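Structure, as structure tokens:
Number of protein chains: 2
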Amino acid sequence: MAAPTSDAGPDRKRDAERTRAEILDVAIREFADKGYAGARVDEIAARTSTTKRMIYYYFGGKEQLYLAALENAYAVIREVERGLDLDELEPVTAIRRLAEATFDHHESHPDFLRLVSIENIHHAEHLAKSEALPGLAGPALEVLSGVLERGRTAGLFRADVDALDVHMVISAFCVFRTANRHTFLAIFGRDMLAARDREHYRTMLGDLVVAHLTAR
Amino acid sequence: MAAPTSDAGPDRKRDAERTRAEILDVAIREFADKGYAGARVDEIAARTSTTKRMIYYYFGGKEQLYLAALENAYAVIREVERGLDLDELEPVTAIRRLAEATFDHHESHPDFLRLVSIENIHHAEHLAKSEALPGLAGPALEVLSGVLERGRTAGLFRADVDALDVHMVISAFCVFRTANRHTFLAIFGRDMLAARDREHYRTMLGDLVVAHLTAR
DNA sequence: CGGGTAATGTACGAAACGGTGAGTTAATTG
DNA sequence: CAATTAACTCACCGTTTCGTACATTACCCG
Chain F
1 MAAPTSDAGP
11 DRKRDAERTR
21 AEILDVAIRE
31 FADKGYAGAR
41 VDEIAARTST
51 TKRMIYYYFG
61 GKEQLYLAAL
71 ENAYAVIREV
81 ERGLDLDELE
91 PVTAIRRLAE
101 ATFDHHESHP
111 DFLRLVSIEN
121 IHHAEHLAKS
131 EALPGLAGPA
141 LEVLSGVLER
151 GRTAGLFRAD
161 VDALDVHMVI
171 SAFCVFRTAN
181 RHTFLAIFGR
191 DMLAARDREH
201 YRTMLGDLVV
211 AHLTAR
Chain G
1 MAAPTSDAGP
11 DRKRDAERTR
21 AEILDVAIRE
31 FADKGYAGAR
41 VDEIAARTST
51 TKRMIYYYFG
61 GKEQLYLAAL
71 ENAYAVIREV
81 ERGLDLDELE
91 PVTAIRRLAE
101 ATFDHHESHP
111 DFLRLVSIEN
121 IHHAEHLAKS
131 EALPGLAGPA
141 LEVLSGVLER
151 GRTAGLFRAD
161 VDALDVHMVI
171 SAFCVFRTAN
181 RHTFLAIFGR
191 DMLAARDREH
201 YRTMLGDLVV
211 AHLTAR
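Chains F and G supply the protein sequences, listed in that same order. In terms of the UniProt record's numbering, the first sequence is numbered consecutively and its last residue is 216. In terms of the UniProt record's numbering, the second sequence is numbered consecutively and its last residue is 216.
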């Protein structure tokens, strides 16, 4: 009489959604860790409580599984962006808040970044096939545009910086910090993700963006 | 009597160095394009004028070949850094020059960046084995430290920014622009490497760094 | 010029890998 | 309860892929 919500075990009931989700979860980690070509379908299967056959049953193949993992990662970051409410804040504070939210997300979701890096190595050819693609740009830019507009009319920000460029600077900083962590550590001996330097980098990002927007 | 320096052809003499160099050249492109696991030894061999056997003869195996490619890429960027002479320049100009040199190098050597990205996916485990590793940090930082010091004593720069952080910002910008080109294009419809925007990004990087250094 | 060695070409093996055919058990439904 | 379908298991296949044993050719030097 074990509850059907129990984790694993011999009395685990058949559950399509759970099985699918488990495969996807393991796949995200495996792809993020080894890259597309380096990931092994057999290995993914072995780390689940099901078999390799189920991967093909639910996803169709390695490539579709990878795409599903990638889309899932992007879906999560959109959640964060939507949850932000910056309209009430003073422009400079709002920009800082936005930068810090991006910073925090990248730090707490390292797999996302790794998948993006991997996707870039493959020239974003899988992402191009994704049906979710059109909706990906929206949230981040709309929020940012609003804040910039307010800052400009208040005479606080330069007029010649566009939203996409600001987004680029924020992303570049956060992406570099996590995506290039290992070579940076190997060469310069500094771990950009070390806990003790976290606040330093977090405020540095805010400083950087605000300085750029308010320069001259 | 064809010159032994001729490119290819039936009368090409035996030449160990040339063969080795040709393999390495092809390998760099192949690894940069497909990643470590995605690259195929047979494919690399096919693109050279020699055979797969030679790869094992000269390099020992796929992993050693990859490491050789990676080291070669790093060797090239150090050349650029050494060639810079910023001591005569006014600090603000010197910083701009340094940033632009990094910018230019990343633009003209896309393979280098891709190999670094790939190496990060593999947690820099190959780079850690490299004997060339200790010499990699030097040049870039020494030059930068000097400029910062001069800027500080001249009262131009903030006192609380260290060289490695500045280097990080410059790298982050340049790396993001090339390493994340494809997903950025797919999502936002802007090609960060488009020729028409080149000057825009180049001056933007200078603005960004200088604004950060001179803020407050 | 002839022996020796460095350089190169050929052909193949063994294991890894993505993918599938066909049957089996559990849930659902009339 | 029988029939139907969804979820799942197991064993297996063909190909790719890294690596190598072995034969062969060009070059150098006494």
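Backbone N, C-alpha and C fix where the C-beta goes; we use that ideal spot for every residue, glycine too. No experiment lies behind these values; they were computed from the predicted model shown.
Margin query: For a test of the three-state rule: what should DSSP assign to S49 (chain F), helix, strand or coil?
Written below: Taking the first residue of the first sequence as position 1, residue 49 (chain F) is located at position 49. S49 (chain F): coil per DSSP, three-state reduction.
Item checked: Residues in the region 27-58 of chain F having any Cβ partner in chain G nearer than 9 Å -> A32, D33, K34, G35, Y36, A37, G38 and A39
Next item on the list: Starting from the beta carbon of L164 (chain F), find every residue of chain G whose beta carbon is closer than 8 Å, and list them in chain order.
Entry: In the first sequence, residue 164 (chain F) corresponds to position 164, counting from 1. Per Cβ cutoff of 8 Å: F188 and R190.
Margin query: Using a Cβ-Cβ distance cut-off of 8 Å, determine whether V92 (chain F) contacts chain G.
Written below: Position 92 of the first sequence, counting from 1, holds the residue named residue 92 (chain F). Answer no: the Cβ-Cβ gap between V92 (chain F) and chain G never drops below 8 Å.
Next item on the list: Examine chain G for any beta-carbon lying closer than 8 Å to the beta-carbon of V169 (chain F), and answer yes or no.
Entry: For this step, residue 169 (chain F) is matched to residue 169 along the first sequence. Yes, its Cβ sits closer than 8 Å to a Cβ of chain G.
Checklist line | R216 (chain G) burial status per 10 Å Cβ neighbour count (16 or more: buried) | finding: The residue you call residue 216 (chain G) lines up with position 216 of the second sequence. Exposed: under 16 other Cβ atoms inside 10 Å.
Check: For I118 (chain F), which residues in chain G fall below 7 Å Cβ to Cβ?
Finding: Within the first sequence, the letter at position 118 stands for residue 118 (chain F). The contacting residues are I121.
Check: When the Cα of D85 (chain F) is compared with those of F:A101, F:R20 and F:L70, which residue comes out closest?
Finding: Within the first sequence, the letter at position 85 stands for residue 85 (chain F). Checking every option, the nearest Cα to that of D85 (chain F) belongs to F:A101.
Notebook entry, point to check: DSSP on Y36 (chain G), reduced to helix/strand/coil?
Noted result: In the second sequence, residue 36 (chain G) corresponds to position 36, counting from 1. If DSSP states are grouped into helix, strand and coil, Y36 (chain G) belongs with coil.
Item checked: Supposed close pair R190 (chain G), L164 (chain F) - CB separation, criterion 8 Å -> Taking the second sequence and counting its residues from 1, one reaches residue 190 (chain G) at position 190. Taking the first sequence and counting its residues from 1, one reaches residue 164 (chain F) at position 164. With a Cβ gap of about 6 Å, R190 (chain G) and L164 (chain F) count as contacting.
Note to self: Quick check: the Cα distance between D7 (chain F) and T50 (chain F), rounded to an integer number of angstroms?
What the structure shows: Within the first sequence, residue 7 (chain F) is the residue found at index 7, counting from 1. Within the first sequence, residue 50 (chain F) is the residue found at index 50, counting from 1. Reliability fails at D7 (chain F), whose pLDDT of 41 lies under 50, so the model's placement of it is uncertain and the value that follows must be treated cautiously. Going by the C-alpha atoms only, they are around 13 Å apart.
Next item on the list: Would you identify the three-state DSSP class for A2 (chain G), choosing helix, strand or coil?
Entry: Counting from one through the second sequence, the residue named residue 2 (chain G) turns up at place 2. Interpretation of A2 (chain G) is limited by its pLDDT of 33, a score under 50 that renders its predicted location unreliable; no figure is taken from the coordinates.
Item checked: Environment of A2 (chain G) [buried if 16+ CB atoms lie within 10 Å] -> Taking the first residue of the second sequence as 1, we reach residue 2 (chain G) at position 2. For A2 (chain G), the pLDDT reaches just 33, beneath the cut-off of 50, and the residue's location in the model is therefore unreliable, although a value from the coordinates is still provided. A2 (chain G) should be labelled exposed.
Check: For chain F, is any of its Cβ atoms less than 8 Å away from the one on F176 (chain G)?
Finding: Stepping through the second sequence from its first residue, residue 176 (chain G) is reached at position 176. At least one chain F Cβ lies under 8 Å of F176 (chain G).
Check: Quick one, which of F:E71, F:A159 and F:V147 has its alpha-carbon nearest E131 (chain F)'s?
Finding: In the first sequence, the residue the question calls residue 131 (chain F) occupies position 131. Checking every option, the nearest Cα to that of E131 (chain F) belongs to F:E71.
Next item on the list: Compare the C-beta of A215 (chain G) with all C-beta atoms of chain F and state if any pair is closer than 8 Å.
Entry: As a first step, residue 215 (chain G) is located in the second sequence; it is residue number 215 there, counting from the start. It does: the Cβ of A215 (chain G) has a partner Cβ on chain F nearer than 8 Å.
Note to self: Can you pull the chain F neighbours of residue 218 (chain G), defined as C-beta to C-beta under 8 Å?
What the structure shows: Outside the displayed span of chain G (1 to 216) sits residue 218 (chain G), for which this structure offers no information.
Check: With C-beta atoms as the reference, is V209 (chain F) less than 8 Å away from L156 (chain F)?
Finding: If you number the first sequence from 1, residue 209 (chain F) lands on position 209. If you number the first sequence from 1, residue 156 (chain F) lands on position 156. Against a cut-off of 8 Å, the Cβ pair of L156 (chain F) and V209 (chain F) comes out as no contact.
Check: Are the beta-carbon atoms of T48 (chain F) and E30 (chain F) separated by less than 8 Å?
Finding: Counting from one through the first sequence, the residue named residue 48 (chain F) turns up at place 48. Counting from one through the first sequence, the residue named residue 30 (chain F) turns up at place 30. No, Cβ-Cβ distance for T48 (chain F) and E30 (chain F) is not below 8 Å.
Check: Listing by chain order, which chain G residues have their CB less than 8 Å from the CB of D207 (chain F)?
Finding: Taking the first sequence and counting its residues from 1, the one referred to as residue 207 (chain F) is at position 207. Those within 8 Å of D207 (chain F) in chain G are H212 and A215.
Check: Around the Cβ of A73 (chain G), are there at least 16 other Cβ atoms within 10 angstroms (buried) or fewer (exposed)?
Finding: The residue labelled residue 73 (chain G) in the question sits at position 73 within the second sequence. Per the 10 Å Cβ criterion, buried.
Next item on the list: Could you check if E119 (chain G) is buried or exposed, using at least 16 other CB atoms within 10 Å of its CB as the buried criterion?
Entry: As a working note, residue 119 (chain G) is residue 119 in the second sequence. Classification for E119 (chain G): buried.
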